[in-house]
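*Asks:* Each residue of the sequence shown is one higher than the one before, starting from 1 at the first, in this note's numbering. C-beta: ideal position from N, C-alpha, C; glycine also. Just so you know, these numbers come straight off a predicted model, no measurement behind them. Questions regarding the structure given below will be posed in turn.
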Amino acid sequence: MGPPSPNTPLTPSTPSSAASTSTSTSMVPSTAASSASTTTVTTLTTSAFASATTVNTTPRWQGVGFKKWKNIVVIGASVAGHSFVNALQHNLPMSHRIILIERNEFVQHAPIVVRALVVPGWESKNFTAPVAQDTIFPANSRHRVLCPNSVVALKRNHVWLEHEFEGELEIEFERCIIATGAQSPAPIRPAPGASMADWMAGLRKTQNDIKHAESVLIVGGGSVGIEVAGEINETYPRKKVTIVHWDVGLLHPSDSGGNTKHTYVPPKTSSKLSAALQKQLAERGVDIILCDRVDLSAGAWGGSAGLLGEMTAIPLVSGKTVHADYVFNSTGNRPNASLVAQADPDALTTNGYISVDDTFRVQAAPRSPMTGAYYAIGDCANSPSWKTGVAAAAEGQALAAIIDAQIRGNKPRPYAPSRGMRDSTVLLGSKGGAAVLRIPWIGSIRAPDFIVEGKSQDFWAGKNFFSRFHGTRRIPSFA
């Protein structure tokens with residue numbers, strides 16, 4: 001049974017009914033500044049955080065001289081979507097407005113989660129923020145935040161919502177930006193629709209399970225797996241930790257070829273960074289098994305993750321066996337592209353990413369509902385960047401410039417990742433880790449230790465997360 005079919009046009013004189021949003025609670029600082037018209041600041045205390053409610057009191061927009069808004073719909077309020085909104089909102093002609101849609105009531109600074117999964121007390125540090133009209137936009141903004149709300153279907157030039165907005169379930173748009181990110185098992189990321197209390201409980205359970213495990217197997221030696229291994233080793237130095245990784249070194253030092261329309265291939269990482277991390281982990285007693293995978297074939301192992309309840313022999317494809325009573329699955333994120341898969345599976349790459357061109361426009365057949373007005377950025381798209389918060393923010397800002405040029409009738413500049421997108425910092429607890437910087441005409445070099453130490457303090461939440469929020473309500477900083 002499909003969505004209903006209301007056909008009432010959206011007009012600027014229609015009162016906004018962005019529902020009251022219960023707020024309980026993705027990385028570079030935005031270049032957009034808060035509106036100078038902001039005169040009132042409300043401080044949200046930690047005790048009031050979970051119960052705070054935002055009511056839209058913005059008056060009707062009048063006297064604009066046209067029949068209806070040209071909507072720019074943005075699906076997803078994490079790093080890519082939020083960075084796009086910040087970069088574009090003050091440049092749009094008055095005929096246009098942004099509608100930002102987010103299904104969860106809060107977003108989190110994802111890099112901190114690796115420590116919050118392991119170290120008791122870190123789950124209570126403030127690394128989240130509510131998604132609401134008064135945390136995203138300045139006072140009297142014509143732009144709108146719909147949260148909590150979800151897009152349930154993508155159609156040509158309109159989307160269908162789970163909950164009504166301005167009396168309708170349908171929103172027409174001039175352009176739609178898909179910034180739905182990636183999927184990870186909870187509690188690495190909050191489950192869809194999860195409350196803050198639910199997510200905190202999941203983090204505390206994971207901490208307790210890891211504490212009581214004797215031997216931890218980490219499946220996947222990417223940045224998350226490496227950092228979780230470092231946190232476990234620092235917090236519980238006598239606990240056995242093993243990493244099993246498919247590549248010749250930790251991270252992705254081998255060259256897998258370039259990105260194409262039909263697939264996404266991550267850029268290779270610095271072999272110097274891989275070697276530095278492997279050396280530190282080995283010195284700490286962490287076992288590293290490379291060029292191998294766990295054996296998930298029938299009858300070999302059930303594939304269970306988390307606390308297994310007993311020491312279990314886990315077979316590897318090579319024939320080796322790892323004994324563990326806790327398994328942490330860190331095999332990488334999966335693009336959250338189910339809406340596109342439902343609308344047009346042919347608009348996806350073979351490995352599930354949304355296929356885009358060098359202006360982030362979705363590549364689809366002429367008769368596809370995804371043709372023309374849809375764009376995708378961040379972890380869900382096959383744009384040629386590492387899937388990191390820094391890259392997602394850069395893509396959001398680049399797409400804002402592209403959309404601005406298109407609206408003004410100018411030719412947009414195609415996007416190409418900067419050399420700085422190859423910089424990387426990977427922590428091993430609060431005192432270890434390594435970083436590399438990419439220098440033009442020289443290549444990758446080891447970064448000074450103060451860069452690693454700087455990230456370890458708050459995982460750069462101050463400059464890369466809290467600085468994104470330009471609304472009238474002040475977000476409590478990391479503590």
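In terms of alpha-carbon separation, which member of Leu-427, Trp-441 and Ile-445 lies closest to Gly-457?
*Replies:* What you label residue 457 is simply residue 457 of the sequence shown in a count that begins at 1. Correcting the residue type first, residue 457 is Gln in the shown sequence and not Gly. When only C-alpha atoms are compared, the closest one is Leu-427.
*Asks:* Does the structure place the segment 213-230 close enough to the segment 122-129 that three or more beta carbon pairs sit under 8 Å?
*Replies:* The segment 122-129 is not in contact with the segment 213-230.
*Asks:* Three-state secondary structure (DSSP) at Thr-472?
*Replies:* Counted from its first residue, the sequence shown places residue 472 at position 472. Thr-472: coil per DSSP, three-state reduction.
*Asks:* Starting from Asn-329, follow its DSSP beta bridges and name the residues at the other end.
*Replies:* Here residue 329 refers to the residue found at position 329 when the sequence shown is read from its first residue. For Asn-329, which the question treats as bridged, DSSP gives the partners Val-219.
*Asks:* If you drop the 5 nearest sequence neighbours on each side, which residues of the same chain put their C-beta closer than 7 Å to that of Lys-455?
*Replies:* Position 455 of the sequence shown, counted from the first residue, corresponds to residue 455. Correct list, in chain order: Thr-425 and Leu-427.
*Asks:* By Cβ distance, which residues of its chain are closer than 8 Å to Val-119, with the 5 residues on each side in sequence left out?
*Replies:* Along the sequence shown, read from residue 1 onward, the residue named residue 119 stands at position 119. If we look at Val-119 and ignore the five residues flanking it on each side, its Cβ neighbours are Gln-207, Glu-231 and Thr-235.
*Asks:* From the DSSP output, in three-state form, read off Gln-363 for me.
*Replies:* Stepping through the sequence shown from its first residue, residue 363 is reached at position 363. The answer is coil: DSSP assigns Gln-363 none of H, G, I, E or B.
*Asks:* Taking Val-79 as the reference, which of Ala-461, Arg-473, Phe-478 and Ser-477 has the closest Cα?
*Replies:* The count along the sequence shown starts at 1 and reaches residue 79 at position 79. When only C-alpha atoms are compared, the closest one is Ala-461.
*Asks:* Could you work out which residue in Ile-101, Ser-83 and Leu-117 is closest to Ser-330 when comparing CA atoms only?
*Replies:* Sequence index remark: in the sequence shown, residue 330 carries index 330 (1-based). Nearest C-alpha to Ser-330: Leu-117.
*Asks:* Taking 6 Å as the cut-off, is the C-beta of Arg-446 nearer than that to any heavy atom in the ligand SAM?
*Replies:* The ligand SAM is absent from the structure shown, which contains no ligands of any kind.
*Asks:* How is the alpha helix (DSSP H) around Lys-272 delimited, first residue to last?
*Replies:* Along the sequence shown, read from residue 1 onward, the residue named residue 272 stands at position 272. Counting along the chain, the alpha helix (DSSP H) containing Lys-272 begins and ends at 271-283.
*Asks:* Nearest to Gly-167 by alpha carbon, out of Pro-187, Leu-146 and Tyr-374?
*Replies:* Translated into positions along the sequence shown, residue 167 becomes position 167. Comparing Cα positions, the closest option is Leu-146.
*Asks:* Using the C-alpha atoms, what's the distance from Glu-453 back to Ala-275?
*Replies:* Numbered from its first residue, the sequence shown carries residue 275 at position 275. Numbered from its first residue, the sequence shown carries residue 453 at position 453. Their Cα atoms are separated by approximately 19 Å.
*Asks:* For His-158, write down the residues that DSSP places opposite it in a beta bridge.
*Replies:* In the sequence shown, counting from the first residue as 1, residue 158 sits at position 158. Answer by DSSP bridge pairing, in chain order: Lys-155 and Glu-172.
*Asks:* Give the C-beta separation of Ala-77 and Lys-387 to the nearest angstrom, bearing in mind that I take them to be a contact with Cβ-Cβ under 8 Å.
*Replies:* Locating residue 77 in the sequence shown gives position 77, where the first residue counts as 1. Locating residue 387 in the sequence shown gives position 387, where the first residue counts as 1. Actually they do not touch by this definition, with Cβ atoms about 18 Å apart.
*Asks:* For Val-340 and Ile-439, what's the separation of their Cα atoms in angstroms?
*Replies:* Stepping through the sequence shown from its first residue, residue 340 is reached at position 340. Stepping through the sequence shown from its first residue, residue 439 is reached at position 439. Their backbone Cα atoms lie some 38 Å apart in a straight line.
*Asks:* Determine the DSSP secondary structure at Val-390, reduced to helix, strand or coil.
*Replies:* The residue given as residue 390 occupies position 390 in the sequence shown. Val-390: helix per DSSP, three-state reduction.
*Asks:* Run the CB neighbour count on Gly-471, radius 10 Å, all protein chains shown included, and call it buried at 16 or more, exposed below.
*Replies:* Walking along the sequence shown from the start, residue 471 turns up at place 471. By the 10 Å Cβ count, Gly-471 comes out buried.
*Asks:* If the criterion is Cβ atoms closer than 7 Å, does the pair Val-241 and Val-294 meet it?
*Replies:* For the purposes of this step, residue 241 is taken as residue 241 along the sequence shown, with counting starting at 1. For the purposes of this step, residue 294 is taken as residue 294 along the sequence shown, with counting starting at 1. No, Cβ-Cβ distance for Val-241 and Val-294 is not below 7 Å.
*Asks:* Rank Pro-266, Arg-103, Asn-157 and Tyr-375 by C-alpha distance to the C-alpha of Leu-399 and give the top, closest one.
*Replies:* The residue labelled residue 399 in the question sits at position 399 within the sequence shown. If we check each option's Cα against that of Leu-399, Tyr-375 comes out closest.
*Asks:* Would you mind giving the Cβ-Cβ distance between Val-151 and Ile-101, rounded to the nearest angstrom? I have them listed as a contact below 8 Å.
*Replies:* Against the sequence shown, residue 151 aligns to sequence position 151. Against the sequence shown, residue 101 aligns to sequence position 101. Their Cβ separation, rounded to whole angstroms, is 6 Å, which keeps Val-151 and Ile-101 in contact under 8 Å.
*Asks:* Let me know the secondary structure DSSP gives Gly-65 once reduced to three states.
*Replies:* For the purposes of this step, residue 65 is taken as residue 65 along the sequence shown, with counting starting at 1. Because the pLDDT of Gly-65 is 43, which lies under 50, any placement of that residue in the model is unreliable, and the number read from its coordinates should be weighed accordingly. Looking at Gly-65 - three-state DSSP - the assignment turns out to be coil, as it is neither helix nor strand.
*Asks:* Where do the ends of the alpha helix (DSSP H) carrying Gly-202 lie?
*Replies:* As a position in the sequence shown, residue 202 is number 202, starting the count at 1. Counting along the chain, the alpha helix (DSSP H) containing Gly-202 begins and ends at 196-212.
*Asks:* Figure out for me which residue from Lys-211, Ala-391 and Trp-122 has the closest Cα to the Cα of Gly-306.
*Replies:* Position 306 of the sequence shown, counting from 1, holds the residue named residue 306. For Gly-306, the nearest C-alpha among the options comes from Lys-211.
*Asks:* Check this for me: beta carbons of Asp-325 and Ala-179, under 7 Å apart or not?
*Replies:* For the purposes of this step, residue 325 is identified with residue 325 of the sequence shown, where counting begins at 1. For the purposes of this step, residue 179 is identified with residue 179 of the sequence shown, where counting begins at 1. In this structure, Ala-179 does not lie closer than 7 Å to Asp-325 by Cβ.
*Asks:* Tell whether a beta-carbon distance below 7 Å holds between Ala-405 and Pro-414.
*Replies:* As a working note, residue 405 is residue 405 in the sequence shown. As a working note, residue 414 is residue 414 in the sequence shown. Going by C-beta atoms, Ala-405 is not nearer than 7 Å to Pro-414.
*Asks:* Where DSSP assigns a beta bridge to Lys-463, which residues make up the other side?
*Replies:* On the sequence shown, position 463 is the one that residue 463 refers to. Answer by DSSP bridge pairing: none, since Lys-463 is not bridged.
*Asks:* Applying the criterion that 16 or more other CB atoms from any shown protein chain within 10 Å of the CB defines a buried residue, is Gln-342 buried or exposed?
*Replies:* To locate residue 342, count along the sequence shown from 1; it is residue 342. Exposed, by the Cβ-count rule.
*Asks:* Any chance you could list the alpha helix (DSSP H) runs of at least 4 consecutive residues sitting entirely within the segment 78-127, in chain order?
*Replies:* If we require 4 residues or more, the alpha helix (DSSP H) runs fully inside the segment 78-127 come out as 79-88 and 113-116.
*Asks:* By a C-beta neighbour count over all protein chains shown, 10 Å radius and 16 as the cutoff for buried, is Thr-350 buried or exposed?
*Replies:* Here residue 350 refers to the residue found at position 350 of the sequence shown. Thr-350 should be labelled exposed.
*Asks:* Roughly how many angstroms lie between the CA atoms of Ala-282 and Gly-429, to the nearest whole one?
*Replies:* One-based indexing of the sequence shown puts residue 282 at position 282. One-based indexing of the sequence shown puts residue 429 at position 429. Those two C-alpha atoms are separated by around 14 Å.
*Asks:* Using 10 angstroms around the beta-carbon of Thr-46, count the other beta-carbons present and answer buried if the total reaches 16, otherwise exposed.
*Replies:* Numbered from its first residue, the sequence shown carries residue 46 at position 46. Summary for Thr-46: the model assigns pLDDT 35, below 50, so the residue's position carries little reliability; its value from the coordinates is reported in the next sentence. Exposed: under 16 other Cβ atoms inside 10 Å.
*Asks:* How long is the line joining the alpha carbons of Ala-194 and Arg-103, rounded to whole angstroms?
*Replies:* Indexing the sequence shown from 1 puts residue 194 at position 194. Indexing the sequence shown from 1 puts residue 103 at position 103. Cα to Cα, the separation comes out at about 9 Å.
*Asks:* To the nearest angstrom, how far is it from the Cα of Leu-250 to the Cα of Ile-72?
*Replies:* As a working note, residue 250 is residue 250 in the sequence shown. As a working note, residue 72 is residue 72 in the sequence shown. Leu-250 and Ile-72: Cα-Cα distance of roughly 40 Å.
*Asks:* Tell me which residues share the same chain as Asn-336 and place their Cβ nearer than 7 Å to its Cβ, disregarding the 5 neighbours each side in the sequence.
*Replies:* Indexing the sequence shown from 1 puts residue 336 at position 336. Closer than 7 Å at Cβ, skipping near neighbours: Thr-180, Gly-181, Ala-182, Gln-183 and Cys-380.
*Asks:* If I measure Cβ to Cβ from Pro-369 and keep anything under 8 Å in the same chain, skipping five residues before and after, which residues do I get?
*Replies:* Walking along the sequence shown from the start, residue 369 turns up at place 369. Once the five neighbours on either side are set aside, the close Cβ partners of Pro-369 are Leu-154, Lys-155, Arg-156, Ala-343 and Asp-344.
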